[in-house]
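Undergrad: Take this structure, written in C-alpha coordinates, and hold onto it; I'll ask about it next.
Shown next as C-alpha coordinates:
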(Lines of atoms letter the chains of each structure in order from A and count residues from 1; the text may use other names and numbers.)
(Lines give C-alpha, C1' and ligand atoms only; values in the text may rest on other atoms or scores of the structure.)
Protein backbone atom coordinates (compact mmCIF):
# COMPACT_ATOMS: atom_id res chain seq x y z
CA UNK A 1 0.00 0.00 0.00
CA UNK A 2 1.23 3.49 -0.90
CA UNK A 3 -0.23 6.67 0.59
CA UNK A 4 0.12 9.98 -1.24
CA UNK A 5 -1.02 13.34 0.13
CA UNK A 6 -0.80 16.97 -0.84
CA UNK A 7 -2.11 20.43 -0.06
CA UNK A 8 -2.69 23.17 -2.60
CA UNK A 9 -3.89 26.76 -2.13
CA UNK A 10 -5.97 28.44 -4.82
CA UNK A 11 -5.90 32.22 -4.94
CA UNK A 12 -9.68 32.34 -5.31
CA UNK A 13 -12.62 32.31 -2.89
CA UNK A 14 -14.18 28.95 -1.95
CA UNK A 15 -17.38 29.56 -3.97
CA UNK A 16 -15.40 30.25 -7.15
CA UNK A 17 -13.19 27.17 -6.74
CA UNK A 18 -16.15 24.88 -5.97
CA UNK A 19 -18.07 26.04 -9.06
CA UNK A 20 -15.00 25.26 -11.15
CA UNK A 21 -14.41 21.90 -9.42
CA UNK A 22 -17.98 20.85 -10.19
CA UNK A 23 -17.33 21.61 -13.89
CA UNK A 24 -13.79 20.20 -13.96
CA UNK A 25 -14.33 17.71 -16.80
CA UNK A 26 -13.79 17.85 -19.69
CA UNK A 27 -10.73 20.07 -19.77
CA UNK A 28 -7.56 20.21 -21.88
CA UNK A 29 -5.30 19.36 -18.93
CA UNK A 30 -6.92 15.97 -18.25
CA UNK A 31 -7.65 14.46 -21.67
CA UNK A 32 -7.66 10.98 -20.12
CA UNK A 33 -11.15 11.67 -18.72
CA UNK A 34 -13.28 10.83 -21.73
CA UNK A 35 -16.73 10.81 -20.11
CA UNK A 36 -18.66 11.98 -17.06
CA UNK A 37 -22.12 10.70 -16.21
CA UNK A 38 -24.16 12.06 -13.30
CA UNK A 39 -25.86 9.03 -11.73
CA UNK A 40 -27.52 10.82 -8.80
CA UNK A 41 -27.73 14.37 -7.56
CA UNK A 42 -29.80 15.85 -4.77
CA UNK A 43 -29.93 18.14 -1.78
CA UNK A 44 -30.32 16.64 1.69
CA UNK A 45 -32.26 18.06 4.65
CA UNK A 46 -29.21 20.07 5.78
CA UNK A 47 -28.89 21.82 2.41
CA UNK A 48 -25.86 19.82 1.23
CA UNK A 49 -25.57 18.87 -2.42
CA UNK A 50 -24.73 15.19 -2.95
CA UNK A 51 -23.52 14.04 -6.37
CA UNK A 52 -22.64 10.57 -7.58
CA UNK A 53 -20.81 10.48 -10.90
CA UNK A 54 -19.22 7.86 -13.10
CA UNK A 55 -16.00 8.96 -14.80
CA UNK A 56 -14.72 7.11 -17.85
CA UNK A 57 -10.96 7.37 -18.21
CA UNK A 58 -8.46 6.23 -20.80
CA UNK A 59 -5.32 5.48 -18.81
CA UNK A 60 -2.87 4.90 -21.63
CA UNK A 61 -0.71 2.69 -19.43
CA UNK A 62 2.86 1.98 -20.49
CA UNK A 63 3.26 -1.45 -22.11
CA UNK A 64 5.49 -2.61 -19.24
CA UNK A 65 2.65 -1.93 -16.77
CA UNK A 66 -0.01 -3.65 -18.90
CA UNK A 67 2.32 -6.66 -19.20
CA UNK A 68 2.83 -6.81 -15.43
CA UNK A 69 -0.91 -6.36 -14.79
CA UNK A 70 -1.72 -8.97 -17.42
CA UNK A 71 -4.31 -6.80 -19.18
CA UNK A 72 -4.40 -4.57 -22.20
CA UNK A 73 -7.54 -2.82 -20.95
CA UNK A 74 -6.99 0.92 -20.71
CA UNK A 75 -10.59 2.21 -20.47
CA UNK A 76 -11.41 2.32 -16.78
CA UNK A 77 -14.26 3.62 -14.67
CA UNK A 78 -14.17 5.64 -11.48
CA UNK A 79 -16.97 6.16 -8.97
CA UNK A 80 -16.98 9.69 -7.57
CA UNK A 81 -19.16 10.89 -4.69
CA UNK A 82 -19.10 14.52 -3.58
CA UNK A 83 -20.81 16.51 -0.85
CA UNK A 84 -20.92 20.29 -1.03
CA UNK A 85 -21.89 21.99 2.21
CA UNK A 86 -22.50 25.68 1.47
CA UNK A 87 -23.09 26.58 5.13
CA UNK A 88 -19.87 25.00 6.39
CA UNK A 89 -18.08 26.01 3.18
CA UNK A 90 -16.69 22.54 2.68
CA UNK A 91 -16.65 20.21 -0.30
CA UNK A 92 -15.53 16.62 0.11
CA UNK A 93 -15.02 14.39 -2.89
CA UNK A 94 -14.19 10.69 -2.64
CA UNK A 95 -13.39 8.54 -5.63
CA UNK A 96 -12.38 4.95 -6.26
CA UNK A 97 -11.79 2.83 -9.30
CA UNK A 98 -14.43 0.24 -10.17
CA UNK A 99 -12.41 -1.35 -12.96
CA UNK A 100 -9.48 -3.74 -12.37
CA UNK A 101 -10.29 -3.86 -8.65
CA UNK A 102 -8.90 -7.39 -8.47
CA UNK A 103 -5.47 -5.92 -9.34
CA UNK A 104 -5.40 -2.35 -8.14
CA UNK A 105 -7.32 -0.09 -5.78
CA UNK A 106 -7.03 3.68 -5.83
CA UNK A 107 -9.09 5.53 -3.24
CA UNK A 108 -8.81 9.28 -3.35
CA UNK A 109 -10.21 11.98 -1.05
CA UNK A 110 -10.23 15.72 -1.74
CA UNK A 111 -11.43 18.39 0.69
CA UNK A 112 -11.91 22.04 -0.31
CA UNK A 113 -12.23 24.63 2.49
CA UNK A 114 -11.62 28.36 2.80
CA UNK A 115 -8.09 29.24 3.84
CA UNK A 116 -8.16 29.75 7.64
CA UNK A 117 -6.18 33.01 7.52
CA UNK A 118 -7.01 34.30 4.03
CA UNK A 119 -10.74 33.84 3.28
CA UNK A 120 -10.21 35.01 -0.30
CA UNK A 121 -8.22 31.79 -0.88
CA UNK A 122 -9.18 28.11 -0.87
CA UNK A 123 -7.23 25.16 0.53
CA UNK A 124 -7.43 21.78 -1.18
CA UNK A 125 -6.14 18.78 0.75
CA UNK A 126 -5.80 15.55 -1.19
CA UNK A 127 -4.88 12.03 -0.29
CA UNK A 128 -4.79 8.79 -2.19
CA UNK A 129 -4.34 5.24 -1.00
CA UNK A 130 -2.98 2.97 -3.72
CA UNK A 131 -2.91 -0.79 -3.35
CA UNK A 132 -1.68 -3.24 -5.97
CA UNK A 133 -2.50 -6.86 -5.20
CA UNK A 134 -1.76 -10.34 -6.36
CA UNK A 135 1.10 -9.60 -8.76
CA UNK A 136 4.85 -9.25 -8.60
CA UNK A 137 6.46 -5.82 -8.30
CA UNK A 138 3.56 -4.48 -6.19
CA UNK A 139 5.65 -1.80 -4.48
CA UNK A 140 7.16 -0.65 -7.76
CA UNK A 141 3.72 -0.31 -9.36
CA UNK A 142 2.29 1.47 -6.30
CA UNK A 143 5.14 3.99 -6.44
CA UNK A 144 4.64 4.43 -10.19
CA UNK A 145 0.90 4.98 -9.66
CA UNK A 146 1.54 7.46 -6.81
CA UNK A 147 3.71 9.45 -9.21
CA UNK A 148 0.83 9.40 -11.72
CA UNK A 149 -1.64 10.52 -9.02
CA UNK A 150 0.69 13.39 -8.13
CA UNK A 151 1.01 14.42 -11.77
CA UNK A 152 -2.74 14.22 -12.27
CA UNK A 153 -3.31 16.33 -9.13
CA UNK A 154 -1.16 19.10 -10.61
CA UNK A 155 -3.15 18.83 -13.85
CA UNK A 156 -6.36 19.04 -11.82
CA UNK A 157 -5.21 22.23 -10.09
CA UNK A 158 -4.32 23.72 -13.48
CA UNK A 159 -7.69 22.64 -14.85
CA UNK A 160 -9.56 24.43 -12.07
CA UNK A 161 -7.51 27.58 -12.70
CA UNK A 162 -8.25 27.26 -16.44
CA UNK A 163 -11.99 26.88 -15.82
CA UNK A 164 -12.02 29.91 -13.50
CA UNK A 165 -10.08 31.99 -16.02
CA UNK A 166 -12.37 31.00 -18.90
CA UNK A 167 -15.51 31.53 -16.80
CA UNK A 168 -14.37 35.03 -15.83
CA UNK A 169 -13.55 35.83 -19.46
CA UNK A 170 -17.00 34.66 -20.57
CA UNK A 171 -18.69 36.94 -18.02
CA UNK A 172 -16.65 40.07 -18.82
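Residue numbers (the numbering used here): 157 to 328.
Where a beta carbon is used, it is the ideal one built from N, C-alpha and C, also for glycine.
Just so it is clear, the structure is predicted and the values come from calculations on it, not from any experiment.
For residue 297, name the three-state secondary structure that DSSP assigns.
TA: helix
Undergrad: To the nearest angstrom, how far is it from the Cα of residue 305 to the Cα of residue 160?
TA: 8 Å
Undergrad: Taking just the CA atoms, how far does residue 267 sit from residue 203?
TA: 18 Å
Undergrad: Rounded to the nearest angstrom, what separates residue 336 and residue 300 at their Cα positions?
TA: This structure cannot speak to residue 336, because the chain is shown only from 157 to 328.
Undergrad: Kindly confirm or deny that the segment 168-185 and the segment 257-274 touch, where touching means at least three C-beta pairs closer than 8 Å.
TA: yes
Undergrad: State the DSSP-derived secondary structure class of residue 155, mapped to helix, strand or coil.
TA: What the structure shows of the chain is the stretch from 157 to 328, and residue 155 is not part of that stretch, so it cannot be assessed.
Undergrad: Closer than 7 Å by C-beta to residue 243: which residues in its own chain qualify, once you throw out the five before and the five after it? Chain order, please.
TA: 203
Undergrad: Leaving out the 5 sequence neighbours to the left and right, which residues in its chain are closer than 6 Å to residue 205 when beta-carbon positions are compared?
TA: 199, 240
Undergrad: Compute the beta-carbon to beta-carbon distance between residue 163 and residue 279, rounded to the nearest angstrom, for a pair I have assumed lies under 8 Å.
TA: 6 Å between Cβ atoms; contact.
Undergrad: So, with DSSP's three-state summary, where would you put residue 175?
TA: helix
Undergrad: Consult DSSP for residue 317 and reduce its assignment to one of helix, strand or coil.
TA: Residue 317 falls in the helix class under three-state DSSP.
Undergrad: Do the CB positions of residue 232 and residue 256 come within less than 8 Å of each other?
TA: yes
Undergrad: In the DSSP output, which residue or residues are listed as bridge partners for residue 280?
TA: Beta-bridge partners assigned by DSSP to residue 280: 164, 268.
Undergrad: Work out the CA separation of residue 214 and residue 188 for me, nearest whole Å.
TA: Here the C-alpha atom of residue 188 lies approximately 5 Å from the C-alpha atom of residue 214.
Undergrad: I'd like to know whether the C-beta atoms of residue 194 and residue 212 end up nearer to each other than 8 Å.
TA: no
Undergrad: Using the C-alpha atoms, what's the distance from residue 318 back to residue 208?
TA: 24 Å
Undergrad: Since residue 210 is in the beta strand (DSSP E), which residue starts that stretch and which ends it?
TA: 205-214
Undergrad: What's the gap between the Cα of residue 166 and the Cα of residue 277?
TA: Approximately 6 Å between the Cα atoms of the pair.
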